[in-house]
């Protein structure tokens, strides 16, 4: 009876403290050509193809047209919408579509301004939103791309139930089309992760600006920490104690 209780207790504790698996995903997109300049007269029509290649893992993509203004990209409002600029590709639509690894997708654009269209310069940008495949709300993949290098200036803040701590991000230069791990300064040394004894619920917040600009990038993530090694040691010690105690009682009987 004692052995059965011990086995039941071991299974219950193992199922209670089993950590949840967390997956990651590699993302690398190639867009060609990266910049297009088109001159067209009102009443005429032309087509432009942008080729998108997925150099990373399988992922879901959603392609949108955004406004490029004063060096920034923003969503298209009703007043900015151009009815004569539209997608003609079969896959491109309101819903995300699956792009396999190393697959090349043509993004076809059709431009057909009417005769009464205002003659001026229009600046638009193609944006690509990604969703993990298979979809996992705990998995996030982020990548910075642009037309020039920059240095991130900001902090990483860790908040717990007993307080919070801030760590400055090292302003290392990130070149064009480069993906680099952010490093923080801790105890006058650079580090890519935080060490220490963690238990309970924590919130990790990252916020930085590019060089001395006004565009701020921020994000946060919540996680739960538990000292697994200490817990397993205590569980093993407890089961050993129960086993030895039951064995001694059996010998006495």
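Numbering (mature numbering (1 follows the signal peptide of the UniProt record, and there is no 0)), first residue to last: -24 to -1, 1 to 229.
Backbone N, C-alpha and C define an ideal beta-carbon position, used for all residues, glycine too.
Assumed close pair residue i, residue j - CB separation to whole angstroms, cut-off 8 Å
i           : j           : result
residue 37  : residue 78  : About 14 Å separates the two Cβ atoms, so there is no contact after all.
residue 51  : residue 42  : 6 Å
residue 135 : residue 178 : 7 Å
residue 230 : residue 82  : What the structure shows of the chain is the stretch from -24 to 229, and residue 230 is not part of that stretch, so it cannot be assessed.
Proximity to residue i [Cα-Cα], best of the options
i           : options           : result
residue 102 : 128, 82 and 40    : 40
residue 34  : 80, 43 and 20     : 80
residue 176 : 200, 134 and 193  : 200
residue 76  : 92, 99 and 106    : 106
residue 185 : 146, 43 and 205   : 146
residue 85  : 95, 46, 69 and 23 : 23
residue 15  : 99, 83 and 65     : 99
Neighbour-count burial assignment, residue i, 16 or more Cβ in a 10 Å radius
i           : result
residue 128 : buried
residue 144 : exposed
residue 160 : buried
residue 18  : exposed
residue 91  : exposed
residue 212 : exposed
residue 132 : buried
residue -17 : With a pLDDT of 43 at residue -17, under the threshold of 50, the modelled position of this residue cannot be trusted, and the question is left open.
residue 182 : buried
residue 28  : buried
residue 96  : exposed
According to DSSP, residues forming a beta bridge with residue i
i           : result
residue 195 : 182
residue 106 : 37
residue 218 : In the DSSP output, where bridge partners are listed per residue, residue 218 has none listed.
residue 139 : 136
residue 6   : 29
residue 85  : 24 and 63
**Prompt:** Is the region 58 to 73 touching the region 5 to 14 in the sense that three or more CB pairs, one from each, lie closer than 8 Å?
**Reply:** no
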